[in-house]
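Chain order of the listed sequences is A and B. Per the numbering used here, the very first residue in the first sequence carries number 1; after that it's consecutive. Per the numbering used here, the very first residue in the second sequence carries number 113; after that it's consecutive.
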Amino acid sequence: MYSRELLKGILKPIILKLLSENDKMYGYEIVQKVKELSGDKILIKEGSLYPALHTLLKEGVLQAESISIGNRTRKYYKLTSSGSGQVQLAMDELLDFSQTLKTIFEPKPAVS
Amino acid sequence: MMIDEGQISFVRGYLIGNGISNHSLQEDLLDHFCCVIEEDMEEGQSFDHSFSKAVERITPDGPEKIQNDLNYLLTIKKNIMLRKLVFMASYLSVLIVLFGLALRIPQIVSANLTMLMIMAGILLFSVTTVPYIFYDRYQKSIRELKSE
Numbered sequence: 001m002y003s004r005e006l007l008k009g010i011l012k013p014i015i016l017k018l019l020s021e022n023d024k025m026y027g028y029e030i031v032q033k034v035k036e037l038s039g040d041k042i043l044i045k046e047g048s049l050y051p052a053l054h055t056l057l058k059e060g061v062l063q064a065e066s067i068s069i070g071n072r073t074r075k076y077y078k079l080t081s082s083g084s085g086q087v088q089l090a091m092d093e094l095l096d097f098s099q100t101l102k103t104i105f106e107p108k109p110a111v112s
Numbered sequence: 113m114m115i116d117e118g119q120i121s122f123v124r125g126y127l128i129g130n131g132i133s134n135h136s137l138q139e140d141l142l143d144h145f146c147c148v149i150e151e152d153m154e155e156g157q158s159f160d161h162s163f164s165k166a167v168e169r170i171t172p173d174g175p176e177k178i179q180n181d182l183n184y185l186l187t188i189k190k191n192i193m194l195r196k197l198v199f200m201a202s203y204l205s206v207l208i209v210l211f212g213l214a215l216r217i218p219q220i221v222s223a224n225l226t227m228l229m230i231m232a233g234i235l236l237f238s239v240t241t242v243p244y245i246f247y248d249r250y251q252k253s254i255r256e257l258k259s260e
């Protein structure tokens, strides 16, 4: 399991990527999906997830749709058209960042 | 297995009683709690046991921490901009007063004009910096009161 510090910067790109592949998702579903896709290595904390979702809502990247489930309300999040446009940019930035990390941390062959 | 209305009210009471006043966040957390509890109860656990486990998993630092983090994220840009404006206005008001005083002594410009500059500086300081200082102190006192 990765540390909370490492996950901080990648939570928004993860949310955007998941929502670009699934029409709409609710909070618990996002946590479970990330856990499943990462082989239990990435466990999103609810304390980080909801502030991130609400910030993206306020920025107009996401929109929410409330549906009544029995005696409670379930809020589904989905990308807005402006949010859809941001997915590729976020992915490109993250992939570029991961490549940069690789060049820093991968052991370099010794010069003879 | 769906949890019943009484159990949902119990979870809602826990969230409201522990500082979740934002209705939208409350709905999110309530549903999340219900999902986690239902998943655990499917495995034969009691509601009380499942609820305690859900509290530990979802709100280890207390529910209010999530709302505080959310409020921080939603207001940080606005607060930074407000501080920038107040600091700039404070600097400008001090600069105007100092210019007024500096020009008054060697009598380069008329006494009326320098007095006007000093008054403008004091006025700018009074309508920007002073209210902000009091507002900031008020916010701090509210936070202290809530943490007692």
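The beta carbon of each residue, even a glycine, is placed where N, CA and C say it ideally should be.
_Contact criterion: CB-CB distance below 7 angstroms. Does B:Asp143 meet it with respect to chain A?_
yes
*Got a sec, what are the start and stop residues for the beta strand (DSSP E) A:Thr73 sits in?*
72-79
*Flag this pair as yes or no: are the beta carbons of B:Ile120 and A:Asn22 separated by less than 7 angstroms?*
no
*When you check each C-beta in the stretch 25-41 of chain A against every C-beta of chain B, which residues fall closer than 9 angstroms?*
Tyr26, Gly27, Tyr28, Glu29, Val31, Gln32
*Please list the partners that B:Met153 has in chain A, where partner means a Cβ-to-Cβ separation under 8 angstroms.*
Those do not exist, as B:Met153 stays about 14 angstroms from chain A at its closest Cβ, beyond 8 angstroms.
_Can you check whether the C-beta of B:Glu193 is within less than 7 angstroms of a C-beta belonging to chain A?_
The sequence given here has Met at residue 193 of chain B, not Glu. Closer than 7 angstroms: no.
*Return no unless some Cβ of chain B is closer than 7 angstroms to the Cβ of A:Tyr76.*
no
*Report the neighbours of A:Asn71 on chain B: residues whose CB is nearer than 7 angstroms to its CB, in chain order.*
Glu117, Ile120
_Sub-7 angstroms separation of B:Gly131 and B:Pro175 beta-carbons_ = yes
*asked:* Less than 7 angstroms between CB atoms is the rule here; does B:Leu127 satisfy it with respect to chain A?
replied: no
_Cutoff 7 angstroms: B:Ile170 Cβ touching any chain A Cβ_ = yes
_Which of the three DSSP states is assigned to B:Ile217 in this structure?_
coil
*asked:* Can you tell me whether A:Leu19 is helix, strand or coil according to DSSP?
replied: helix
*Let me know if B:His144 comes out buried or exposed under the rule of 16 or more other beta-carbons within 10 Å of its beta-carbon.*
buried
*Is it the case that the Cβ atoms of B:Met227 and B:Phe211 are separated by a distance below 7 angstroms?*
no
*With 16 other CB atoms within 10 Å as the buried threshold, where does B:Gly233 fall?*
buried
*Report back the beta-carbon spacing between A:Leu89 and A:Tyr77 to the nearest angstrom; my notes put them in contact at under 8 angstroms.*
At roughly 19 angstroms, the Cβ-Cβ gap does not stay under 8 angstroms, so A:Leu89 and A:Tyr77 are not in contact.
*Where DSSP assigns a beta bridge to B:Gln119, which residues make up the other side?*
DSSP output for B:Gln119 lists no bridge partner at all.
*Which parts of the stretch 23-108 of chain A are runs of the beta strand (DSSP E), unbroken and 3 residues or longer, counting only runs that do not cross its ends?*
62-69, 72-79
*Check whether the Cβ of A:Lys8 lies closer than 7 angstroms to any Cβ atom in chain B.*
no
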